[in-house]
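Residue numbers (the numbering used here), protein chains in the order written: chain A, 1 to 307; chain B, 1001 to 1307; chain C, 2001 to 2307.
This report refers to the structure that appears directly beneath it.
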């Protein structure tokens, strides 16, 4: 993909810059306590779609200003939950079961935009987080770095709503149903050293200031030493693999076969034999075969009944 | 549902009472070491079906007398395993594969009755537990409180039988296959501080006396501050969600859409804005839309081949 | 099955002996740092197929010499990844999606041979391990014993390839996606006390010498006191159970029904009542009903397009 010009996108709720092969996305709503609003949803979806296809980018770090009141203080429900529902979709009303209604949870839309990004993604949680600030802005990332003093609130059942942003899908898979239930069904507020969060965070930092630099250093090391195509395929094998070991074997056999013979696979072997750092050059835009994706996806966009 | 009269059910193996919105079910077979017998199965299935539909109930605590010899000392196999098989179903014999035989594991029947209860469920394990006392009477609950001194035995493979009561389904999902295998394939006896149990218990209490009060206090706090409908939907999202993130997104979008606009969703927002405790009034019996359940269930009851 | 003569199989890359009902398989390539080569694949697949069907065997311990340079130092890629691809399959080329190509990852073939073994399997990891030495030669086992000083490297994304040997299937299920991602997407090297490995190892031993004896003692105790049929069914219930709790209930109901009335089930009850050790005699070859397996498996062997 031609290199997108992030500055020209006119983002207001986020700031974006590239530091070599690492993209940094920073929440830019400190004055509003980094609340989650519709305009932020639009910008996050836009930027993660670009980052996914920008061949220069190998790792994405998402963070907030460490001096902000919070990493993300949740949805702005200053009037009511209605602020999260579009007028347009309301006209359509609920439809059939399963794919039932015009409404699409914006938390899930954000979550899936991050989840589908084929680069390594890291959330640098350098402040308190509430609701969507814990679910959508943390769970779909590959890694989570967090401030030891962060208050992490999942108050859904105490607000009369359910676990949103596909957290009911991601959390049990990330850390198991026992801990996921403890987090979501109590509606509680947790600190990173909580046993119910055990395993969720990759690294816990003592101060807010240290979180982003630690995540960035981690990101740069990975950006320098990993293959973009190998990363994308490994992420997909973890989340889009087979339902049985046999089905998975057929998929990863193809993946290994393709990657091992590609330029990055050969470079990986040569570098290892020559005891030097590998110089990976394959990109998703230029060198990813059409065997990816191997899975089919349900279309989640709502189609209006009438033109 | 009209409020059931638990006293009128004539339970003998359990005692049941309501403490506000918290229902307490206590095993009443201390003289028989709280062994698991057919009459107990019938009463547990009956009471959890009622508790599921009793709109007064928000949380269920299941426990034993802390002075009993055990929380549950397993199935009474004083004669043989045959005590667990009905004469009637034996006549039918095994049938086709998958849904294969007249026999339905009573441990699974109990487990599913608890698992399907849409209220918050808590097991207060204030004594030793063996077999079904660990599987059926602990795994299907949302939370497990346990005495630090409890001996928890899973001896199936040392008794010539396999992991029963759907423990082969629940345990890997609750804490992962590595730990589930360690528990079920060794047939061992474990204490709550065992690394193989890590994550399974919500809280560990030093004495038997403390287990039930801790569970009850936890239950009352949740009963006072959570929405009955939000709890039921969150439980279902955790266990009956989509197979892919996209499928899950369609489901939880509908859930959020319905709940946020319902009375409890509005009350949750208002209470938050007014910095007061929420007063949730929606009930499963009166206010749950017909979009729940969104999943289909295999019928597990056995139908006789002949009338 | 007639008792196979392991000595007559002419293995060169492994050594095999029976110690009562425990089979010990030892890597025999210490001079080559226990690298993984095609001939080793062939022998491991052959021996695990035999061990699966050898009724004398109840537990399998897989290990290396503790004086070897490594437990397994990974694939021998001294020339290139091409050493892992057969000439024959290359002629066929890639085919349709999903079941797409002639190539079958040899790491997956080894993994599945171990995974399908219906006996208790234990990896005694008494040295460093790299790549397939961590995935294929550890993950499909029921239990992993490890030396505290072992360096465990999963460098795939740093070599330009993806997570192989069905590790993308096994690792998230064993310990959850959060830890599996940390292991596979960093391409890092980990020690057994790493939080990202938490739960994966059954026991950690301080010296290399202690790993195999600890695993062997564990194996002998299990071999003496568990039912071969109960073990096989429990393993299958953990990995081949139902997709929903209802589907699982139908399966384990049949399993309990069959096992409880079989000889081992009766012996388990009698021994318990008589407060003596059980003497289990049922074997997979003689006493396993045709209700096992209850699941269907995708055929993974490649069929040539032309004769």
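C-beta atoms are modelled at their ideal positions from N, C-alpha and C, and glycine is treated no differently.
For residue 1224 of chain B, name the three-state secondary structure that DSSP assigns. helix
Could you have a look at residue 1048 of chain B and say whether DSSP puts it in helix, strand or coil? helix
Keeping to the same chain, check which residues put their C-beta closer than 6 Å to that of residue 1069 of chain B; ignore five residues upstream and five downstream. 1033
Tell me which residues share the same chain as residue 2003 of chain C and place their Cβ nearer than 7 Å to its Cβ, disregarding the 5 neighbours each side in the sequence. 2054, 2056
Is residue 1244 of chain B helix, strand or coil when you go by DSSP? coil
Can you check which of these residues, C:2102, C:2075, C:2022, C:2050, is closest to residue 2303 of chain C by C-alpha distance? C:2102
Residue 1248 of chain B: contacting residues in chain A (beta-carbon distance under 7 Å): 166, 168, 169
Any beta-carbon of chain C closer than 9 Å to the one on residue 986 of chain B? Residue 986 of chain B falls outside the range modelled here, since chain B spans only 1001 to 1307, and no answer is possible.
9 Å is my cut-off, CB to CB: does residue 1120 of chain B come that close to chain C? no
Closer than 9 Å by beta-carbon distance: list the chain C residues that pair up with residue 1180 of chain B, in chain order. 2238
Going by Cα to Cα distance, which pick from C:2257, C:2258, C:2242 is closest to residue 2296 of chain C? C:2242
What is the residue span of the beta strand (DSSP E) that residue 2114 of chain C lies within? Unbroken run through residue 2114 of chain C is the alpha helix (DSSP H), 2106 to 2115; no beta strand (DSSP E).
Tell me which residue opens and which closes the beta strand (DSSP E) that residue 15 of chain A is part of. 14 to 19
Considering only residues of the same chain and omitting the five flanking positions on each side of residue 259 of chain A, which have a CB-CB separation below 7 Å? 229, 230, 233, 265
Does the beta carbon of residue 105 of chain A sit closer than 9 Å to a beta carbon anywhere in chain B? yes
Going by CA-CA distance only, name the one from B:1036, B:1048, B:1046, B:1028 that's closest to residue 1067 of chain B. B:1028
Range covered by the alpha helix (DSSP H) that runs through residue 2135 of chain C: Where residue 2135 of chain C is concerned, there is no enclosing alpha helix (DSSP H), given that its DSSP letter is neither H nor E.
DSSP three-state call for residue 1196 of chain B: helix, strand or coil? helix
Is residue 242 of chain A near the ligand NAP, with its Cβ less than 8 Å from a heavy atom? For the structure depicted, the ligand NAP is absent and the ligand set is empty, with no information on it obtainable.
Do you know offhand how far residue 7 of chain A's Cα is from residue 163 of chain A's? 35 Å
As a quick exercise: from B:1269, B:1127, B:1022, B:1115, pick the residue whose alpha carbon is nearest that of residue 1174 of chain B. B:1115
For the stretch 1214 to 1238 of chain B, which residues have a beta carbon sitting closer than 8 Å to at least one beta carbon of chain A? 1222, 1225, 1226, 1227, 1229, 1230, 1231, 1233, 1234, 1235, 1237, 1238
Which residue's Cα is closest to the Cα of residue 1202 of chain B: B:1292, B:1145, B:1188, B:1288? B:1145
Hey, out of A:14, A:235, A:141, whose CA is closest to residue 2168 of chain C's CA? A:235
Spatial neighbours of residue 2284 of chain C within its chain, please: CB distance less than 7 Å, with the 5 preceding and 5 following residues excluded, ordered by chain position. 2055, 2118, 2228, 2229, 2232
Please compile the residues from chain C whose C-beta is within a distance smaller than 9 Å of the C-beta of residue 1298 of chain B. 2242, 2244, 2246, 2247, 2249, 2250
Can at least three beta-carbon pairs, one atom from the stretch 1177 to 1190 of chain B and one from the stretch 1147 to 1158 of chain B, be found at a separation below 8 Å? yes
If we cut at 9 Å on Cβ distances, does residue 88 of chain A have a partner in chain C? Summary for residue 88 of chain A: the model assigns pLDDT 48, below 50, so the residue's position carries little reliability, and this model does not support an answer.
Expressed to the nearest angstrom, what Euclidean distance is found between the alpha-carbon atoms of residue 1134 of chain B and residue 1052 of chain B? 22 Å
With a threshold of 9 Å between beta carbons, is residue 2257 of chain C in contact with chain B? yes
Consider the Cβ of residue 2186 of chain C: report whether some Cβ of chain A lies at a distance smaller than 9 Å. yes
Proximal residues of chain D, C-beta to C-beta of residue 2157 of chain C below 7 Å: Of the protein chains in the structure, A, B and C, none is chain D.
Check whether residue 63 of chain A and residue 123 of chain A have beta carbons under 9 Å apart: yes
According to DSSP, simplified to helix, strand and coil, what is residue 1144 of chain B? strand
Mark residue 1179 of chain B as exposed unless 16 or more other C-beta atoms lie within 10 angstroms of its C-beta, in which case mark it buried. buried
Helix, strand or coil at residue 1094 of chain B according to DSSP, with G and I counted as helix: At residue 1094 of chain B the pLDDT is 43, less than 50, meaning the model places this residue with poor confidence and gives no usable figure here.
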